[in-house]
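Enquirer:
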Amino acid sequence: MKLSRREIILISILLVLLIGYGYGHYIYSPNKSKMRALKEEVDLAQKVVQEYQLKAIPENKLYEDYAQAVQHTISITNRYYPDMLQSEIISDMQKIIEGSGIQVSSMNFSSPTYTVVMPRPEVNGTVSVLENLALSFNHPTEEVKETTQINSDQNEQVKYMSITLSFTGTYSNIKNFIHQINNNRYQLILNHIAFNSTNQKEMYVGNAVIDVYSMPHIAEEENNTSTRPVS
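In short: position in the sequence shown from 1, add 374, done, that's the working numbering.
(1) Could you give the distance in angstroms between the alpha-carbon of Asp466 and the alpha-carbon of Tyr560?
(2) What are the start and end residues of the alpha helix (DSSP H) that includes Gly473?
(3) In the structure shown, what three-state DSSP assignment does Gln531 receive?
(4) Taking all protein chains shown into account, do 16 or more other C-beta atoms lie within 10 angstroms of the C-beta of Met409, making it buried, or fewer, making it exposed?
(5) Can the beta-carbon of Ile448 be found closer than 8 Å to that of Ile592?
(6) Please name the residue, chosen from Met589, Ala568, Thr542, Pro590, that lies closest to Lys575 on a Cα-to-Cα basis.
(7) Under the DSSP definition of a beta bridge, which residues are partnered with Thr542?
(8) Which whole runs of the alpha helix (DSSP H) in the region 413-453 are 4 residues long or more, in chain order?
(9) Name the DSSP bridge partner or partners of Leu388?
(10) What does DSSP give as the partner residues of Ser571 in its beta bridges?
(11) Beta-carbon separation of Ser588 and Tyr454 under 8 Å?
(12) Could you name the residues of the same chain whose beta carbon sits closer than 8 Å to that of Ile463, not counting the 5 residues immediately before and after it, in chain order?
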């Protein structure tokens with residue numbers, strides 16, 4: 375049976391319509407429904423995440439404040455000896471003495487004890503230790519002291535030890551001695567220094583008291599995010 379041209383065109387159109395209906399009904403519509411459901415799930419998940427982030431903001435702020443406080447404490451405690459080990463302090467003092475060039479006739483250490491530490495003193499004016507030392511050079515019988523003003527505040531107790539030493543050296547040696555103390559790997563405080571001229575030219579004899587404080591070092595946690603809220 376031979377089909378006419380018109381019949382062939384009609385059959386072709388019918389086949390196209392059947393294929394289009396089948397694709398739309400069996401393929402496109404189910405996938406569209408799945409995509410719509412998936413989009414709803416994504417929107418719901420995003421909403422839950424946003425709500426959690428809003429609730430976590432105070433926790434994140436608390437964590438950041440805590441981390442900053444720890445870093446600040448570490449920066450302070452790391453300036454001081456972690457423990458009052460006399461052998462370690464003697465080794466540092468030996469380096470200071472050799473680096474400055476002064477001759478030490480005696481060096482005594484007090485027994486480690488706990489002491490009340492006052493708040494950091496505020497130095498009146500811009501007078502430095504070296505400037506006071508220059509005044510002492512002009513008036514050798516006077517002791518070198520800093521004029522300080524202490525603000526009343528809550529005091530803390532830390533481990534403490536003092537070093538008393540007698541020395542001989544030139545004015546340049548004494549300046550280098552102070553410089554070495556100020557640049558020691560751990561904080562040393564020059565509490566007192568005084569000297570007088572000797573019979574030898576440009577030589578001075580004196581004594582100094584150095585305070586040593588000890589604070590336990592805090593171990594810094596690296597990459598510890600197990601308890602940190604998710605931002």
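Quick reminder that beta carbons are idealized off the backbone N, C-alpha and C, glycines included. What you are looking at is a predicted structure, and each value in this text was computed from that prediction instead of being measured.
Expert: Reading off the structure:
(1) Stepping through the sequence shown from its first residue, residue 466 is reached at position 92. Stepping through the sequence shown from its first residue, residue 560 is reached at position 186. Here the alpha carbons of Tyr560 and Asp466 stand approximately 9 Å from one another.
(2) Position 99 of the sequence shown, counting from 1, holds the residue named residue 473. Start and end: 460-474.
(3) By 1-based counting over the sequence shown, the position of residue 531 is 157. Note: Gln531 maps to strand in three-state DSSP.
(4) For the purposes of this step, residue 409 is identified with residue 35 of the sequence shown, where counting begins at 1. Under this definition Met409 is an exposed residue.
(5) Translated into the one-based positions of the sequence shown, residue 448 becomes position 74. Translated into the one-based positions of the sequence shown, residue 592 becomes position 218. In contact: Ile448 and Ile592 (Cβ atoms closer than 8 Å).
(6) By 1-based counting over the sequence shown, the position of residue 575 is 201. Nearest option by C-alpha distance: Thr542.
(7) Your numbering for residue 542 matches position 168 in the sequence shown. According to DSSP, which records beta bridges pairwise, Thr542 is partnered with Gln477, Val579.
(8) none
(9) Within the sequence shown, residue 388 is the residue found at index 14, counting from 1. DSSP, once it has assigned bridges, lists no residue as partnering Leu388.
(10) Working through the sequence shown from its first residue, we reach residue 571 at position 197. Beta-bridge pairing links Ser571 to Tyr578.
(11) Indexing the sequence shown from 1 puts residue 588 at position 214. Indexing the sequence shown from 1 puts residue 454 at position 80. It is a contact, given that the beta carbons lie within the stated cut-off.
(12) Numbered from 1 along the sequence shown, position 89 holds the residue referred to as residue 463. Answer for Ile463: Tyr455, Phe483, Met535, Ile537, Val586, listed in chain order.
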